[in-house]
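J.: A single structure is presented below for examination.
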Amino acid sequence: MPPALLVWGTAVAGNWLNPAELALLCGGMAAAAAMLLVVTGRSHVGHSHVGRRTVGRARPGRGTLRYDPRHGAVAPRSFRATLAVALLLSVAAGAHAAVESSRRHDGAIAEAVAARAAVVAEVEVAGAPRRLRTPGASGLADRWAVPVTLKAVTFDGRRIAGDARFVVMGGAAWKHPVPGQQLRTTGRLRAAAPGEPDAGILSASSAPTVLRGPGVWQQAPGGLRRSFTAAAARFGGDAGGLLPGMVTGDTSALNAELEDAMKTVGMTHLTAVSGANCSLILGTLLLMARTLRLPRVAAAAASLAGLGLFVLMVGPDPSVLRAALMGGIGLASMASGRAGRGLSLLCVAVIGLLLVEPVLATSFGFVLSVLATLGIVITGRRIMDWIPAPVPRWAAGGVAVPLSAQLFCGPVIVLLQPQFGAYALPANVAAAALVAPVTLLGTAAAALLPVVPAAAELLMTPAAAFARAVAGTARFFAALPGAVLPWPEGGFGAATMGIFSATVLGMVWLALHPAAVVRSSLAAHAWTVAVLEGWPPAMRARGPSDGPGRPSGRLPGRARGTAWSTGPGMGRLESANQLPGGITSGCCPDPTAQDLGDEEHHLARCDTCGCRPGGRAGGLLGRAGHGPYPRAGPRGGTRRRSHPA
Numbered sequence: 001m002p003p004a005l006l007v008w009g010t011a012v013a014g015n016w017l018n019p020a021e022l023a024l025l026c027g028g029m030a031a032a033a034a035m036l037l038v039v040t041g042r043s044h045v046g047h048s049h050v051g052r053r054t055v056g057r058a059r060p061g062r063g064t065l066r067y068d069p070r071h072g073a074v075a076p077r078s079f080r081a082t083l084a085v086a087l088l089l090s091v092a093a094g095a096h097a098a099v100e101s102s103r104r105h106d107g108a109i110a111e112a113v114a115a116r117a118a119v120v121a122e123v124e125v126a127g128a129p130r131r132l133r134t135p136g137a138s139g140l141a142d143r144w145a146v147p148v149t150l151k152a153v154t155f156d157g158r159r160i161a162g163d164a165r166f167v168v169m170g171g172a173a174w175k176h177p178v179p180g181q182q183l184r185t186t187g188r189l190r191a192a193a194p195g196e197p198d199a200g201i202l203s204a205s206s207a208p209t210v211l212r213g214p215g216v217w218q219q220a221p222g223g224l225r226r227s228f229t230a231a232a233a234r235f236g237g238d239a240g241g242l243l244p245g246m247v248t249g250d251t252s253a254l255n256a257e258l259e260d261a262m263k264t265v266g267m268t269h270l271t272a273v274s275g276a277n278c279s280l281i282l283g284t285l286l287l288m289a290r291t292l293r294l295p296r297v298a299a300a301a302a303s304l305a306g307l308g309l310f311v312l313m314v315g316p317d318p319s320v321l322r323a324a325l326m327g328g329i330g331l332a333s334m335a336s337g338r339a340g341r342g343l344s345l346l347c348v349a350v351i352g353l354l355l356v357e358p359v360l361a362t363s364f365g366f367v368l369s370v371l372a373t374l375g376i377v378i379t380g381r382r383i384m385d386w387i388p389a390p391v392p393r394w395a396a397g398g399v400a401v402p403l404s405a406q407l408f409c410g411p412v413i414v415l416l417q418p419q420f421g422a423y424a425l426p427a428n429v430a431a432a433a434l435v436a437p438v439t440l441l442g443t444a445a446a447a448l449l450p451v452v453p454a455a456a457e458l459l460m461t462p463a464a465a466f467a468r469a470v471a472g473t474a475r476f477f478a479a480l481p482g483a484v485l486p487w488p489e490g491g492f493g494a495a496t497m498g499i500f501s502a503t504v505l506g507m508v509w510l511a512l513h514p515a516a517v518v519r520s521s522l523a524a525h526a527w528t529v530a531v532l533e534g535w536p537p538a539m540r541a542r543g544p545s546d547g548p549g550r551p552s553g554r555l556p557g558r559a560r561g562t563a564w565s566t567g568p569g570m571g572r573l574e575s576a577n578q579l580p581g582g583i584t585s586g587c588c589p590d591p592t593a594q595d596l597g598d599e600e601h602h603l604a605r606c607d608t609c610g611c612r613p614g615g616r617a618g619g620l621l622g623r624a625g626h627g628p629y630p631r632a633g634p635r636g637g638t639r640r641r642s643h644p645a
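When the letters of the sequence shown are read in order and numbered with my numbering, they come out as residues 1 to 645.
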């Protein structure tokens, strides 16, 4: 975990710091890594001369030695070496982030963005178009956003080649571009929001002109997605727009009211290809392969090949590739039952992704994906184990996965949208059982659609019914009173949401462990009673036969009684409970009481056969009138305290 956080922090610094500050930071980290490697190397040379007798005495731990019986070598465990490697990886991530940042913010294209220049641009479509629900400055209600790579731009009479990431925003004509197409358009450049991975935004003022079509490997998936959307449109209503969104991520036909309802209850992740979709596909393929008794290696290879085809069908966007990777990690962690293994895989994946594309460090989508996977890895399996055994495992997983992801993503979601969806968790839990049939049946129908359309339509019918149920769930919870509550903004809101998430997790544990709660409550009550009964220690008097602060005798058994002053040399003991050999009530002369100054002691007498003159003495419980809690007792006496026998 620390190396991944270190690499992530350096990648963020590479996206925000200026070159001089970043160079200073990377230089310091590289120097620290070199010093650690030198120290580790010298330590390793010293350890190489240690004999087997010394190795056998060493205790395992950090910086200790392990003897390898196969090679007869001494292998040191060095935290310094691990830290040095993490520093070197961080330097690489920071340097790569600086290069990418300079490409976005330096050069002629960056100057055109800063000047908000009107340009003629040649772009290559890099992702599927996405509908924008808010009208722009032009007043167009039907607006679309298309991720592109800017290949060339012409402004002020000069043509400049480039390779920068942009987002084109335009009207309805930008609904149809497919990944891989090269287009020409006109528009005005402007800067992207701070922290965004894009170099800028191109507000298109004209329809795109196709310069070149997509490649074969890009054209086939695009045609398949369009065919699936057209086939789903025959079901009409919410199912016609939601089914393509849940299967291929195409939300072009999604109803605006339904999209708002899903946003209210935190279900928008269902309309995008997320890690949940990928884990469902991968898990189903793996189960089918093992059912056919394929070897483990062959089953894993077949499952990964099927996942690759699914990614190609929905479009190999960076977000889709990231979702596939995170879904695989979450599935591996839930299947193995070992959080440590899943956490290690997650850290390795985060480091690898940031080294390849450091701009992800400032992407909220990447942060949410990592947090959701982290929640599943750390708490998903534990919540499943907390749920009682009679509950089926698939039902326990349907509750544990959305709960853990929701709790970990909550603080970041508040930063994006300062509000709290009161019914987000029950809505996602209610829809969890409906998502799997939609994803699996819809994916199978999409694969069969070009080959056997009748079979594909047969599979799409129940998938559309489940999608309609998902839409009904979203609309039901969004219509409940108090579905959206205001929440503080900024860091304070994120911190309070984190505390709230931890509280919810604790309440879930308490609700699922009633026996442990009862045992803990009884233990806490017993401890509190013991502390209060023994306080303050000064209440006990010194007797003639005991040491300082000890009573002069002990009451037999485990009885409890209260002594009353009834006169000089006399005392009365009231029994609070009657046990065999315990305290009895009576009034006895006091043959052992002594005047220790100016007041008489209270004498507690007890005998197994009753309280009588000459019986065995009990314990001195205190002086009359002393103590912080004197209260009037019966028969005019002064009640001293209750003393456990």
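Glycine included, every Cβ here is placed at the ideal spot set by N, Cα and C.
Buried or exposed for ARG158, going by 16 or more other Cβ atoms inside 10 Å?
T.: It is exposed - the Cβ of ARG158 has fewer than 16 other Cβ atoms within 10 Å.
J.: Pull up the distance between the alpha-carbon of CYS347 and that of ALA305, whole angstroms please.
T.: Rounded to whole angstroms, CYS347 to ALA305 spans 24 angstroms at the Cα level.
J.: Of the choices LEU374, ALA389 and ALA239, whose alpha-carbon is the least far from that of VAL460?
T.: Note on residue identity: the sequence assigns Met, not Val, to residue 460. Ranking the options by Cα distance to MET460, first place goes to ALA239.
J.: Starting from ALA400 and walking both ways along the alpha helix (DSSP H), at which residues does that stretch end?
T.: That run of the alpha helix (DSSP H) goes 393-416.
J.: With a CB to CB cut of under 6 angstroms and the five nearest residues on each side skipped, what residues in its chain are close to PHE235?
T.: Here the set comprises ALA464.
J.: Cutting at 8 angstroms between CB atoms, please list the residues of its own chain near LEU441, excluding the five before and the five after it.
T.: LEU459, MET460, PRO462, ALA463 and PHE466.
J.: DSSP three-state call for GLN419: helix, strand or coil?
T.: DSSP places GLN419 in strand when its eight states are reduced to three.
J.: Count the other C-beta atoms from every protein chain shown that fall within 10 angstroms of the C-beta of GLN182, then say buried if there are 16 or more, exposed otherwise.
T.: Buried, by the Cβ-count rule.
J.: Would you list the one or two residues that DSSP bridges to VAL148?
T.: Beta-bridge pairing links VAL148 to VAL125 and PHE166.
J.: Alpha carbon to alpha carbon, how far is ALA31 from VAL38?
T.: The straight-line gap from Cα to Cα measures roughly 11 angstroms.
J.: Using only alpha-carbon positions, find the residue among LEU36, GLY9, ALA253 and VAL377 that is nearest to TRP144.
T.: Checked all of LEU36, GLY9, ALA253 and VAL377; the closest Cα to TRP144 is ALA253.
J.: Can you give the beta carbon distance from MET326 to SER369, rounded, assuming they're within the 8 angstroms contact cut?
T.: Indeed, because the Cβ distance is near 5 angstroms, the residues count as touching under 8 angstroms.
J.: Select from MET384, SER319, LEU407 and ALA389 the residue whose C-alpha is nearest the C-alpha of PHE364.
T.: Here the closest residue by C-alpha is SER319.
J.: Within its chain, find whatever has a CB closer than 8 angstroms to the CB of THR268; leave out the 5 residues flanking it on each side and keep chain order.
T.: So the list reads GLU259 and MET262, once near-sequence residues are dropped.
J.: Which residue marks the beginning of the beta strand (DSSP E) containing PRO486, and which one marks its end?
T.: Run containing PRO486: 484-486, per the beta strand (DSSP E) assignment.
J.: Would you mind stating whether VAL470 and LEU242 have Cβ atoms separated by less than 8 angstroms?
T.: In contact: VAL470 and LEU242 (Cβ atoms closer than 8 angstroms).
J.: Please say whether THR209 and ALA121 have beta carbons closer to each other than 8 angstroms?
T.: Cβ distance not < 8 angstroms, so ALA121 and THR209 don't count as in contact.
J.: Within this structure, are the beta carbons of PHE646 and ALA118 separated by less than 8 angstroms?
T.: A query on residue 646 cannot be resolved here, the shown segment of the chain reaching from 1 to 645 and no further.
J.: Name the two residues that bound the continuous beta strand (DSSP E) containing GLN182.
T.: From DSSP, the beta strand (DSSP E) with GLN182 extends over 182-190.
J.: Going by CA-CA distance only, name the one from VAL123, VAL216, ALA161 and GLY223 that's closest to GLY187.
T.: Nearest C-alpha to GLY187: VAL123.
J.: Is DSSP giving GLY619 helix, strand or coil here?
T.: Low per-residue confidence applies at GLY619: pLDDT is 39, beneath 50, and the placement is therefore not dependable enough to give any value.
J.: Using the C-alpha atoms, what's the distance from GLY41 back to LEU505?
T.: LEU505 and GLY41: Cα-Cα distance of roughly 45 angstroms.
J.: Would you identify the three-state DSSP class for THR209, choosing helix, strand or coil?
T.: If DSSP states are grouped into helix, strand and coil, THR209 belongs with the strands.
J.: Please classify PRO147 as buried or exposed, where buried requires at least 16 neighbouring CB atoms within 10 angstroms.
T.: With 16 or more other Cβ atoms within 10 Å, it is buried.
J.: By the three-class DSSP mapping on this structure, what secondary structure does GLY200 have?
T.: If DSSP states are grouped into helix, strand and coil, GLY200 belongs with the strands.
J.: Which of helix, strand or coil does DSSP assign to ILE160?
T.: It is a strand residue.
J.: What does DSSP give as the partner residues of ARG130 in its beta bridges?
T.: Paired residues: ALA145.
J.: Shorter than 7 angstroms, the distance from the beta carbon of VAL153 to the closest heavy atom of the ligand FMN, or not?
T.: With respect to small molecules bound, the structure shown includes none, and the ligand FMN cannot be examined in it.
J.: With contact counted as at least three CB pairs below 8 angstroms, one residue from each stretch, are the stretch 370-378 and the stretch 402-418 in contact?
T.: The stretch 370-378 is in contact with the stretch 402-418.
J.: Is ALA117 helix, strand or coil when you go by DSSP?
T.: Three-state result, ALA117: coil.
J.: Any chance the stretch 90-107 sits against the stretch 150-157, with 3 or more Cβ pairs inside 8 angstroms?
T.: No, because fewer than three Cβ pairs between the stretch 90-107 and the stretch 150-157 fall closer than 8 angstroms, the two stretches do not touch.
J.: Starting from ALA433 and walking both ways along the alpha helix (DSSP H), at which residues does that stretch end?
T.: Segment 424-448, the alpha helix (DSSP H) holding ALA433.
J.: Identify the continuous alpha helix (DSSP H) that holds GLY9 and give its terminal residues.
T.: Residues 2-16.
J.: Just checking: is the beta-carbon of ASP106 within a distance shorter than 8 angstroms of some beta-carbon in chain C?
T.: Among the protein chains of the structure shown there is no chain C, as only one such chain exists.
J.: From PRO437 to ARG382, what does the alpha carbon distance come to, in whole angstroms?
T.: If I take the Cα positions, the gap works out to 25 angstroms.
J.: Check each candidate in ALA92, GLU100, SER205 and PRO388 and name the one with the smallest Cα separation from ASP163.
T.: Nearest option by C-alpha distance: GLU100.
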